[in-house]
Each structure stands twice: as C-alpha cells, then as structure tokens.
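Just so you know, the sequences run in chain order A, B, C and D.
The first sequence maps to residues 1 to 159 in my numbering.
The second sequence maps to residues 160 to 318 in my numbering.
The third sequence maps to residues 319 to 477 in my numbering.
The fourth sequence maps to residues 478 to 636 in my numbering.
Ideal placement from N, C-alpha and C gives every residue a C-beta, glycine not left out.
Quantities reported herein were computed from a predicted structural model and do not represent experimental measurements.
Following: one structure in structure tokens, then a few remarks.
There are 4 protein chains.
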Amino acid sequence: MVEREQKIIGVIGQGRDCSSELLKKAEEVGWHIAQQGAILICGGLGGVMEAASRGAKKSGGKTIGVLPGDDKKTANRYIDIPIVTGMGEARNIIIVRSADALIAVGGRFGTLSEIAFGLAFEKSIVGLQTWENLENMIYRETAEEAVSTVIKMLALEYL
Amino acid sequence: MVEREQKIIGVIGQGRDCSSELLKKAEEVGWHIAQQGAILICGGLGGVMEAASRGAKKSGGKTIGVLPGDDKKTANRYIDIPIVTGMGEARNIIIVRSADALIAVGGRFGTLSEIAFGLAFEKSIVGLQTWENLENMIYRETAEEAVSTVIKMLALEYL
Amino acid sequence: MVEREQKIIGVIGQGRDCSSELLKKAEEVGWHIAQQGAILICGGLGGVMEAASRGAKKSGGKTIGVLPGDDKKTANRYIDIPIVTGMGEARNIIIVRSADALIAVGGRFGTLSEIAFGLAFEKSIVGLQTWENLENMIYRETAEEAVSTVIKMLALEYL
Amino acid sequence: MVEREQKIIGVIGQGRDCSSELLKKAEEVGWHIAQQGAILICGGLGGVMEAASRGAKKSGGKTIGVLPGDDKKTANRYIDIPIVTGMGEARNIIIVRSADALIAVGGRFGTLSEIAFGLAFEKSIVGLQTWENLENMIYRETAEEAVSTVIKMLALEYL
C-alpha cells in the first residue's frame, strides 16, 4: 500500500518570452518544491515550466510534465514522467486537477486559464509576478516564500 | 456544398446565482444574436446559458449546448443541439474554439477560464458586467451594443 | 421551448483510403439519415465522413462535424456546424456521446475505438462493411437497411 | 538532466467482474513490469488496474493512475501518482499515449477502445485473455511472457 505522503505541487507559467529574472524565480520555485519533499507537476514544455523542472531536478526531486501534444519527446529534459495527452490546452485542466496546490510564476492567458480553474476547483494558489488582484489568490515576492506558503496551506488542509 | 455564412457566437457566463438583471441581459444577448442571423453556442446548462438560449429561441434562432456531463437531458430546454462531451470543464475549451466570437455576461472562475482561452486563441470577446480590466477585451453596457460590436468585429475579420 | 424531436445519428468510418463502393454507401447513409428527418453528426473530415455529409446535404439535411484539430477550416464543405475541439482523438468520444445512435461504415482502428465507446455507452450501433463479430452490434448490407434499422431502434428506445 | 531510461508500460483491463484467475494474472503482470525496472501506468481504479498496481508495488515498482473522475481519492491504494483528469473515458487516450507499450489483461468495451487507440497510434500491445483476432496485436499465455515480450519489443524500437 502506498502512503502517498508526497504532495504534488503544480507550477504554471508562460512557455516563452521569459525574462531571465522570471526564469530564475521559476527555477528557485522548483528547487524549493523538491527541498520540501513534494513532486512538481507542470505543462512539461519550455520557459517557466522548464526552469522549474530544472530546479526540482537540481534538488533531487521528481517532475511530471503533462504535455499538450502527442509526442513525449516534446517534454523538456528535466521531466521524469511525461504524461502525453494529445488534447492541446485541455491538458491545463489536468495539471490543475492533479496538483494539491499551485504556484503561478509570470504567465499570460494560458496561465490565467489555469489560475481560473484552480480557483474554481478551490485549490490553494500562490502567485509570483503573475495576474494581479484575483480574489482568493495569495501573492508572494520570493520563490522561497511562495513554496513555504503553499506547504503551510496544504498542511492546514490536511489537519 | 454548405455556404456556412452563419456565424457562431458563444455566450459564456455563470450557471447559477444570477441576478434578475443579469438574466435579462443574457436573454437580450441571445435575442440579438438570433436577430443578427447567427447561431448561439454556450455551455448548455442554467443561469446565463439558459437565459441566452431562451432569448435566441424567442427570436427564432438556433442554439448549441456543449455539455460537461454525459447526459443530453442535462441541457436546458432551449438547446436545439446538445453536444455531449462527458469531459467536465474541458468542454469550456470547445465552446471557445467553436465560437467565431464570444460575449461574456457576468461570470465567475469558469467564465474567466473561457475568457482566458478566448484571448489566448485571439478570438474577439465582448464583456457585459464581467471580469474587468482585461487587455484585448472590449466592454459594453447593453446587450444590443455587445452583439452589434461582435458582429462588426467579425465582419472586419472576414473582410 | 425546443421540442428536440430531431434525432442525431452518428456516422463513423475511415477518413482515407476508401473504395468508391464504400464512399457510395456512406453517401447513401447520409442521404437516408436526412430523409428520415435526423441530423447527421460525424468527425467532420474526409472519406466516409465527407461522403456521408454530402449525402445528407443533397437530401436537405443538417450536418455537424466534431473536429480533432483547432481550425474549423479543416471541416469538409458539407458540414453545417463545425464543433472545434482541438483535442485530437478524444473528439471520438464526443461524437459517440452526442449521437442517439450510430452507423459504422468501413473503418479502421479509429472507428473501432468509436464502436467500442458506443457499445460501452449502450448506444444502438449498426455496421456496414465494418469490424465484424462484435456482440451487441447489428450488421446490415445496404445503407437504406442500416438507416431504417437505426430509426426503428431509436423508436423502440423512446416508446 | 533526466535520463528517462525507465520505460512506462500501460496495463489495461476491466475494472470489475474479474475472475480470481484474471486478477492473479494482472497482479503478476504488474510484478514483472516492476521487476523489469519499468513504471506501470493504468486507469487507477479497481479490478485489473488495482491488481496490476498491487503487483508492481509488491515488487518495489512505481505506479501512475490516470483517473476519469475529479477526485484523487478514487485511485486505488497502490497508485503512487494519481493523474486527475475529470474527463471520463477520454482519459483512456492519455493512458495509451503515455505508455511506451501496453498489456491488455481481460477487458470489455472500455479496454477495446484502448486497444484500438493503441493500434491506431502504432504502439506495441500484448494481450492476455483479452479481445481476440486483432491484427498487429500479439497474444501470450502467461504474465511473464507478456511482460518479457513487451520489453523485447521496446528494446527493438529503441535500437
């Protein structure tokens, strides 16, 4: 029997046109997620997704990439487990549903769709340099704060 | 051969807890869509979806409902063509992709996910009493203005 | 209020490498579906799907095409209402769920997946020159017989 | 950087009404998959899925369950990583696409849909007491033979 004590944290954010500052933050988010013993789930592609995955792997963590296309080779090279959907943006919903909590790092309209689903499904979501002024979303300044906030929120949920 | 001159306009908005004012607006939106000779597509359930469908039927129009569940009986009674997905909220993407343009009437997080996909896919979207301050979204005050704006935007796209 | 008396009949079958005999049968199936006053739903692309849609339009019927890709222009020119999913083969399930009954004409593995879902969802399915020896599937030789069988089965379901 | 040397093997089969012989075979299949160092992916529910997952865990392996519903608690207790889709049977496609190769153990129409997608996507599939006489599918008698055949086929693909 599986204990399933490992939490799954989703990282959502843009796949391209990222500033180096944003990529640094995403990598730190991934690093801290792994440090906390959680599994990272993301969209499996480039930009924020790749940086976060790299951070998690540098810290010895596990990464899941839920891909929109039909070829696992499209996963970035820091993904341990590629989930191949072939369903385009519908895969965004799978990331949100599979994550115990979410961290949004930057992001455009695709990320906004994920935030919206996350809030609709009543998941804890912490935002870093992302869509602002959304009710029920918590904003933090640093990657470390974002991850520790998410971990605390999950601990409260499972009390 | 089909001429496919009929445009398909999506109406997105909340399925419950609607004020009577919002329902009135939604019904007017549906009425004007049908008056313009366009087909209405929506999520097929209650609230804004039902009111807009009722408006379209009162005006002699056609309605498509893209349902999240697996039973066409869940469609409201103003839906001509129920599309049964069994895919939950993933059906939101199908509404957005199938619509030539969209009108958001009220709405919560589910609607925000649809707006986000609409903007991601570069669809024209007009908002009525809905999520504010979104770039590339056009806001109007009345149902008639919302529909006439959408029709003009589509005419420009197809010039 | 919609009476929704029009049944929706799904036509499933291969999109390419069709013999002229198979295409003729598919076109006849579409023609008879429209003659019976039913709406045709299919995958919206070429081959059997296009031939059946053409038959339905020649007979003055209505056609819905549930597309795998993200562009409605991929619909064949006999589709009145393109439903754009962007979800690849997951759209097969939507065709099956939305149809009141199904007719399989020829077909390969994609069609077999649709037959399997149809049988799983306990839909009436009639086969013409298609996957053989499947329990609960009814086989017919001509398009006219296939359509009249489906219509009778639906009448029984709704008694 | 991930080496991703671990193959992912899908196990498909019915979720209920399994004979004890079938469950025994499914458990052996899971056991041998883990012995070969591969990850098991399945639909995450009961019957064949649960038995195979149990076998993999007994052998120290890793298991992924791609769930149709919207609650990870529906996963059987031998699933390490629940992927929560909320997309009903559309999740069958994700299992097939994510697996490097598949083993069908028993199964009804849902399993037939997965076999059909597997063959459509040109995946290697080995069958044990399942749908018969399908071209391009390989049949074996024992769990050990089924797994060793799948492993050999994958080795050939990656030569």
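By the criterion of Cβ-Cβ separation under 7 angstroms, what are the contact partners of Arg415 of chain C in chain B? Asp229, Val243, Thr244 and Gly245
Which word fits Gly514 of chain D, buried or exposed, when buried means at least 16 other C-beta atoms lie within 10 angstroms of its C-beta? exposed
Put Ile469 of chain C into one of helix, strand or coil per three-state DSSP. Of the three classes helix, strand and coil, the one that applies to Ile469 of chain C here is helix, per DSSP.
At a CB-CB cut-off below 7 angstroms, which residues of chain A make contact with Ala197 of chain B? Residues of chain A passing the Cβ test: none, with the nearest at roughly 24 angstroms.
In whole angstroms, what separates the C-alpha of Ile192 of chain B from that of Lys441 of chain C? 34 angstroms
Under a three-way DSSP split, which group does Ile93 of chain A fall into? helix
Coarse secondary structure for Gly565 of chain D, derived from DSSP in three states: helix
Sequence-distant residues of its chain with Cβ nearer than 6 angstroms to Gln151 of chain A (five each side left out): Strictly speaking, residue 151 of chain A in this sequence is Ile, with Gln absent from that position. Result list for Ile151 of chain A: Gln36, in chain order.
Among D:Val624, D:Leu611 and D:Trp508, which residue has its Cα nearest to the Cα of Leu596 of chain D? D:Leu611
Taking a Cβ distance cut-off of 8 angstroms, strictly less, list which residues of the stretch 51-77 of chain A are near chain D, in chain order. Lys57, Thr63, Ile64, Val66, Asp70, Lys72 and Arg77
Range covered by the alpha helix (DSSP H) that runs through Ser371 of chain C: Val366 to Lys376
Amino acids of chain B, ordered along the chain, whose beta-carbon sits closer than 9 angstroms to that of Ala567 of chain D: Correct list: Thr244, Gly245, Met246 and Ala249.
Does the contact criterion of 3 or more C-beta pairs under 8 angstroms hold for the stretch 81-90 of chain A versus the stretch 404-417 of chain C? Contact between the stretch 81-90 of chain A and the stretch 404-417 of chain C is present, with at least three C-beta pairs closer than 8 angstroms.
So if I threshold CB-CB distances at 9 angstroms, which residues from the stretch 424-437 of chain C count as touching chain D? Arg426, Phe427, Gly428, Thr429, Leu430, Ser431, Glu432, Ile433, Ala434, Phe435, Gly436 and Leu437
Measuring alpha carbon to alpha carbon, tell me which residue in A:Glu145, A:Ile103, A:Leu102 and A:Lys72 is nearest Ser575 of chain D. A:Lys72
Within its chain, find whatever has a CB closer than 6 angstroms to the CB of Lys484 of chain D; leave out the 5 residues flanking it on each side and keep chain order. Ala515, Asp577 and Leu631
Does the CB of Ile351 of chain C have a neighbour CB from chain B at under 8 angstroms? no
Considering only DSSP beta bridges, list what Ile580 of chain D is partnered with. D:Val488 and D:Val603
Leu500 of chain D, DSSP secondary structure in three states: helix
One question on the structure: do Ile252 of chain B and Phe268 of chain B come within less than 8 angstroms of each other, judged by their Cβ atoms? no
Could you say which of B:Gly202, B:Ile200, B:Met208 and B:Val188 lies nearest to Cys319 of chain B if we only look at CA atoms? Absent from the structure is residue 319 of chain B, since the part of chain B shown begins at 160 and ends at 318.
Sequence-distant residues of the same chain with beta carbon closer than 8 angstroms to Ile125 of chain A, five excluded per side: Ala101, Leu102, Ile103, Ala104, Ile115, Gly118, Leu119, Asn136, Met137 and Ile138
Would you please verify whether the beta carbon of Ile443 of chain C is less than 8 angstroms from any beta carbon of chain B? no
Own chain residues within Cβ distance below 6 angstroms of Gln288 of chain B, not counting five before or after: Gly265
Can you list the residues of chain A that Ile262 of chain B reaches, using a CB-CB cut of under 7 angstroms? Within chain A, not a single residue places a beta-carbon under 7 angstroms from that of Ile262 of chain B; the smallest gap is close to 18 angstroms.
Grab the span of the beta strand (DSSP E) containing Thr63 of chain A for me, first residue to last. Thr63 to Leu67
For Lys57 of chain A, collect the residues of the same chain with a Cβ closer than 7 angstroms to its Cβ; drop the 5 residues on either side in sequence, then sort them by chain order. Leaving aside the five residues that flank Lys57 of chain A on each side, the residues in its chain whose CB is nearer than 7 angstroms to its CB run, in chain order, Thr63 and Tyr78.
Could you spell out the range, first to last residue, of the beta strand (DSSP E) harbouring Leu278 of chain B? Element bounds for Leu278 of chain B: not the beta strand (DSSP E) but the alpha helix (DSSP H), Phe268 to Ala279.
Can you list, in chain order, the residues of its chain whose CB lies under 7 angstroms from that of Pro400 of chain C, leaving out five sequence neighbours each side? Gly362, Gly383, Leu385, Lys390 and Ala393
Closest Cβ-Cβ distance between Ile489 of chain D and chain A: below 8 angstroms? no
Is Gly10 of chain A near Trp31 of chain A, with beta carbons less than 8 angstroms apart? With respect to the 8 angstroms criterion, Gly10 of chain A and Trp31 of chain A are not classified as neighbours on the basis of their beta carbons.
Option nearest Glu618 of chain D by Cα separation, candidates D:Ala529, D:Cys519, D:Lys502 and D:Ser536: D:Lys502
How is Leu199 of chain B classed by DSSP in three states: helix, strand or coil? strand
Local conformation of Ile242 of chain B per DSSP, three classes: strand
Contact set between Ile411 of chain C and chain D, taken where Cβ atoms lie within less than 8 angstroms: Gly565, Glu566 and Ala567
Do Gly206 of chain B and Gly228 of chain B have their beta-carbon atoms positioned less than 8 angstroms apart in this structure? no
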